[in-house]
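Residue numbers (this note's numbering), protein chains in the order written: chain B, 1 to 149; chain G, 1 to 186. Virtual Cβ for every residue (Gly too), placed ideally from N, Cα, C.
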């Protein structure tokens, strides 16, 4: 309630206003206060429980898309910079069978034929020792080879 | 109106099986006082009902977080204050909406005897209140009609007591000037 000095102040400040009786002139629709609690209750029971926009949820809702955009921008920037590191060379694993195949002269001859020029054009320089070892392994008659050549 | 205290109502609300019952009691306990405030702010009975419904729906979702060291009425009043101001601000939105058109709309219900039972001077007073800026209108309504203490008003509005006193003083002077103006006849 207003204190007396406050009321006196008001009376001197606004004599016309204070002369008007304080009543509630607004007409309340009939039966509103009987109906209203039921209306509210009906809304409450049908209300789908949703996400509550607490300050924490608001901050998260802003931070998540922002960090996604920043991460995307960073990724794009990095990919347009060019290769920073050389990509690792992937060497197919050579199996033991494949290595054994190379020891097989027939298979090697077949490979030589199938690869054609690429294998034939391969630059193979042998040292004298390597050449001697090869001739010995192949049991090639050196004088016959010279005659043929 | 329920005879239960706020603490008893809140204890009932916190139990899952009596939550709806407790909320119904809370609505019944505070609807009339909150309606009176919202109606003075909004004036239109249908719009008042919509605003008041929003107030209680917000209360329903926020009541779990309500701290019992505060008064339940002050807390609900705060929601009603904010909702009323939001509603009035929303009315002012729009390209061709002017201040005078909003006041005209607000005072329309005062001309209908179905919605307003006051005499000429009461009508003049209400129209003077309508001309106040939204927040000042809330301050005037709380202090003059509801005779609320400045400290409680400060809790509700989040404004300092000094600022509220100044705002009320200016509002009273404006209304007095409006009431004594000879050309304002109703």
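Notebook entry, point to check: Under a CB-based cut-off of 8 angstroms, is residue 11 of chain B close to chain G?
Noted result: As a working note, residue 11 of chain B is residue 11 in the first chain. No, because no Cβ of chain G sits closer than 8 angstroms to the Cβ of residue 11 of chain B.
Margin query: Out of G:182, G:19 and G:39, which one is the CA nearest neighbour of residue 110 of chain G?
Written below: Numbered from its first residue, the second chain carries residue 110 of chain G at position 110. The option with the nearest alpha carbon to residue 110 of chain G is G:39.
Checklist line | residue 70 of chain B, buried or exposed, once every other Cβ within 10 Å from all chains shown has been counted against 16 | finding: As a position in the first chain, residue 70 of chain B is number 70, starting the count at 1. So residue 70 of chain B ends up on the exposed side.
Check: Buried or exposed: where does residue 167 of chain G fall if 16 or more other Cβ atoms within 10 Å of its Cβ makes it buried?
Finding: Here residue 167 of chain G refers to the residue found at position 167 of the second chain. So residue 167 of chain G counts as buried.
Next item on the list: Leaving out five residues on either side along the sequence, give the residues of the same chain with a beta carbon under 6 angstroms from the beta carbon of residue 127 of chain G.
Entry: Here residue 127 of chain G refers to the residue found at position 127 of the second chain. Taken in chain order, the residues that qualify are 107.
Next item on the list: Report the rounded CA-to-CA distance for residue 37 of chain B versus residue 45 of chain G, giving the unit in angstroms.
Entry: Taking the first chain and counting its residues from 1, the one referred to as residue 37 of chain B is at position 37. Taking the second chain and counting its residues from 1, the one referred to as residue 45 of chain G is at position 45. Using only the alpha carbons, I get a separation of about 16 angstroms.
Check: Cβ of residue 65 of chain B less than 8 angstroms from any chain G Cβ?
Finding: Here the question's residue 65 of chain B lines up with position 65 in the first chain. No, residue 65 of chain B lies away from the interface with chain G (no Cβ there is under 8 angstroms from its Cβ).
Margin query: When you compare the region 173-180 of chain G with the region 69-77 of chain G, are there three or more beta-carbon pairs, one atom per stretch, that lie closer than 8 angstroms?
Written below: no
Note to self: Looking at the strands, I want to know which residues DSSP matches up with residue 116 of chain G.
What the structure shows: Taking the first residue of the second chain as position 1, residue 116 of chain G is located at position 116. Answer by DSSP bridge pairing, in chain order: B:26.
Notebook entry, point to check: Cα separation between residue 12 of chain B and residue 170 of chain G?
Noted result: Here residue 12 of chain B corresponds to residue number 12 of the first chain, with the count starting at 1. Here residue 170 of chain G corresponds to residue number 170 of the second chain, with the count starting at 1. Those two C-alpha atoms are separated by around 14 angstroms.
Next item on the list: Give a yes or no on whether 8 angstroms exceeds the smallest Cβ distance from residue 219 of chain G to chain B.
Entry: A question about residue 219 of chain G goes unanswered here, because the residues of chain G that appear run from 1 up to 186.
Notebook entry, point to check: Three-state secondary structure (DSSP) at residue 135 of chain G?
Noted result: Residue mapping note: residue 135 of chain G aligns to position 135 of the second chain, counting from 1. Helix, per DSSP.
Check: Can you find a CB in chain G that lies within less than 8 angstroms of the CB of residue 69 of chain B?
Finding: Position 69 of the first chain, counted from the start, is the residue given in the question as residue 69 of chain B. False, the Cβ-Cβ gap to chain G never drops below 8 angstroms.
Checklist line | Any C-beta of chain G under 8 angstroms from that of residue 60 of chain B | finding: By 1-based counting over the first chain, the position of residue 60 of chain B is 60. Answer no: the Cβ-Cβ gap between residue 60 of chain B and chain G never drops below 8 angstroms.
Next item on the list: Give every residue of the same chain whose Cβ lies closer than 7 angstroms to the Cβ of residue 135 of chain B, excluding the five residues on either side of it in the sequence, and list them in chain order.
Entry: Position 135 of the first chain, counting from 1, holds the residue named residue 135 of chain B. Closer than 7 angstroms at the Cβ level, and outside the excluded window around residue 135 of chain B, lie 142.
Notebook entry, point to check: Less than 8 angstroms separating the beta-carbons of residue 207 of chain G and residue 28 of chain B?
Noted result: The question about residue 207 of chain G has no answer here: the residues shown for chain G are numbered 1 through 186.
Check: Should residue 57 of chain B be flagged as near chain G, meaning a C-beta pair shorter than 8 angstroms?
Finding: The residue you call residue 57 of chain B lines up with position 57 of the first chain. False, the Cβ-Cβ gap to chain G never drops below 8 angstroms.
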